[in-house]
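Chemist: Just passing along the structure, written as structure tokens.
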Amino acid sequence: MGREDVVYVDVGGPAFFLNRSVSPASSCSSSSSNSEMKPRAMARSVGAQKNAARHRMTKREYEMIVMYLENPDNFAAINGCGKKTKITGKTLTKVTAYGHMAVTLCAQGFVKCSGVIMGKKVARYVSTYKTARTFYLGTGSGLTEAEIDAGLTLEQKMNAKTHKLRSSFLQQNRCKVATRRKRLIEKRSRLICQKMTKLIIRPRLLQMLGGFFFETAMPDVTDGDTFYQTARAGEDCGPEMGNQTGRSAVDVETNAVRTPQQNRVPQQSRGDASVQSVDDVRSSGKTVRSKDRPLPPERKTSFISAYEEQVKEKLVLKKEAQYQKASFRDAFLEDRRQAREQRERARIQDGIEAMRKARVDRRSTLLAEMVKTGKSMDEIHQYFLMLDSVEERLSGSM
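The UniProt record's numbering numbers the first residue of the sequence shown as 1 and each following residue consecutively.
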């Protein structure tokens with residue numbers, strides 16, 4: 001004799017039971033096979049659950065969830081009072097209800113998952129829906145009610161925020177360059193031409209400073225060592241350095257230290273053709289006439305002086321631009337003032353004309369009424385004289 005096995009089937013509608021007869025031999029064989037395949041089946045189940053948890057639902061699967069929850073019984077089974085709900089006389093937990101939902105939807109093509117995974121998917125879907133609904137009802141622009149009432153647009157708010165972020169970003173990246181430039185400008189009194197020949201110019205520094213610091217006196221080089229060697233060799237390195245007087249840059253460095261023999265001048269006397277140095281003349285207390293004095297060495301423009309000239313030119317141009325801008329602004333303000341005065345005069349004139357017209361209309365109406373009532377001309381004349389005096393007093397008091 002065999003035994004009957006009861007199988008529960010849920011197809012989204014009312015649940016029903018299916019009786020199936022099972023022989024003892026088949027039951028034993030199936031139980032033994034199930035016991036033998038249990039570890040492998042468990043491994044497959046764990047892997048399937050992980051895949052189901054990582055699975056991203058499609059639009060069709062969202063629609064399947066919505067269609068399932070549109071059934072009042074299914075909705076009450078999941079969203080009841082408390083953790084448990086009563087459905088057709090049975091006490092169901094939410095995990096059991098989600099398990100029934102998983103069985104039903106998996107039979108229709110939903111990804112295979114357990115009741116716990118189905119509950120997490122539904123909770124995630126509900127959270128996403130609430131977020132989207134809040135975003136839609138809140139205009140989705142990040143504007144507060146006060147900003148919306150004030151008429152502020154999203155573009156204006158984003159432009160203001162973007163300008164602030166861009167300004168802070170530029171200020172952070174510009175601080176190092178500004179510090180380096182400030183230090184160079186503070187040391188300009190000590191950076192003379194001889195020392196500038198030994199200054200190693202880095203291409204990165206030239207790029208950061210924009211090239212304005214060395215663009216007039218510095219040759220176009222890519223390596224500081226190359227420039228230093230060029231200056232030491234006496235080659236032409238610009239209008240202020242090099243072989244202008246037949247001397248090398250080494251002579252420029254040692255120009256400040258000269259021997260007394262190098263500073264000798266001829267002694268202008270009738271019987272003496274000897275030569276004395278400038279130091280000997282000064283030590284003896286004698287004065288040297290201007291025509292006998294040696295010419296001062298040619299003044300060489302240093303890098304700092306060239307930079308100062310550029311700064312002065314830029315300041316002059318800036319002041320001219322400011323003056324021109326101020327003149328344009330004054331002219332614009334003057335035009336606006338004249339236009340405003342003209343509009344004010346026109347408004348006053350229109351008001352006077354309107355008052356005059358109203359006065360004439362009012363007096364015409366009064367005259368017609370007085371004539372209808374049978375007033376004499378003397379009475380009408382006296383009344384209008386009195387009216388003129390009253391209006392004159394009122395206008396004087398105003």
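Yeah, the Cβ is synthetic: ideal placement off N, Cα and C, and Gly gets one too.
On the CB-based measure, 16 or more other CB atoms within 10 Å of its CB, does His-100 come out buried or exposed?
Modeler: buried
Chemist: Report yes if the C-beta distance between Tyr-68 and Tyr-125 is below 8 Å; otherwise report no.
Modeler: no
Chemist: Whose C-beta lies closer than 6 Å to the C-beta of Met-57 among residues of the same chain, with five residues either side of it excluded?
Modeler: none
Chemist: What residues in its chain sit with their C-beta under 6 Å from that of Asn-74, if we drop five residues either side in the sequence?
Modeler: Tyr-68
Chemist: Could you name the residues of the same chain whose beta carbon sits closer than 7 Å to that of Phe-110, not counting the 5 residues immediately before and after it, in chain order?
Modeler: Glu-61, Met-64
Chemist: Return helix, strand or coil for Gly-374, following the three-state DSSP convention.
Modeler: If DSSP states are grouped into helix, strand and coil, Gly-374 belongs with coil.
Chemist: Counting along the chain, where does the alpha helix (DSSP H) carrying Cys-106 start and finish?
Modeler: 94-107
Chemist: Between which two residues does the alpha helix (DSSP H) harbouring Met-57 extend?
Modeler: Met-57 -> no alpha helix (DSSP H), and no H or E assigned at all.
Chemist: Look at the Cβ atom of Ile-117, then the Cβ atom of Ala-97, and state whether they are nearer than 8 Å.
Modeler: no
Chemist: So Phe-75 is in the alpha helix (DSSP H); what residue range does that whole segment cover?
Modeler: It spans 72-78 - the alpha helix (DSSP H) in which Phe-75 sits, taken as one unbroken run.
Chemist: From Arg-363 to Ser-389, what distance separates their C-alpha atoms?
Modeler: 14 Å
Chemist: When burial is assigned at 16 or more other CB atoms within 10 Å of the CB, is Tyr-323 buried or exposed?
Modeler: A residue is called buried once 16 or more other Cβ atoms fall within 10 Å of its Cβ, and Tyr-323, having fewer, is exposed.
Chemist: Going by beta carbon distance, what residues of the same chain come within less than 7 Å of Met-355, once the five residues before and after it are set aside?
Modeler: none
Chemist: Counting only runs that start and end within the region 319-354, where is the alpha helix (DSSP H) found for 4 or more residues in a row?
Modeler: Residue ranges of uninterrupted alpha helix (DSSP H) with 4 or more members are absent from the region 319-354; none lies entirely inside it.
Chemist: Please state whether DSSP places Gly-115 in a helix, a strand or coil.
Modeler: helix
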